[in-house]
Amino acid sequence: MAYKEGNTVIVNNEGKNEVGVVIKKFIVSKNTFYDVLLESRSCVTCVNTARSNRIFIDRTLTKTLVDSGEIECTVPYAELAETDQLPYTR
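Sequence positions in the sequence shown follow my numbering and run 1202 to 1291.
Here is the structure:
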């Protein structure tokens, strides 16, 4: 599943799960990567869904918790995008 900008995702950051919002999606060598703004207001760049990485988007947890509506990111993505205050990641 490809995530769009503004989607809430759960990022596994070296064993610690964190909620964030996708701020940018890009493709490199047929692989999809994402830049994610975490609720702690830190940004993780070049994240994908491959579990072999130290930091990755956990598709299972995202589907279970986010898609069901149990967890929602508190980052005001729409407001930040509207006022052009999203972090520049490239």
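Think of the CB as a built atom: it goes at the ideal place given N, C-alpha and C, for glycine as much as any other residue.
Check: Less than 9 Å between the beta carbons of Val-1212 and Val-1229, yes or no?; Outcome: no
Check: Take Ala-1279 as the anchor and find which of Asn-1214, Thr-1250, Thr-1233, Ile-1224 has the nearest alpha-carbon.; Outcome: Ile-1224
Check: Could you tell me the alpha carbon to alpha carbon distance between Val-1267 and Thr-1233, rounded to whole angstroms?; Outcome: 20 Å
Check: For Asn-1208, is the classification buried or exposed, using 16 other Cβ atoms within 10 angstroms of its Cβ as the cut-off for buried?; Outcome: buried
Check: Tell me which same chain residues have a C-beta within less than 8 Å of the C-beta of Asn-1249, skipping the five on either side of it?; Outcome: Asn-1232, Thr-1233, Phe-1234, Tyr-1235, Phe-1257, Ile-1258
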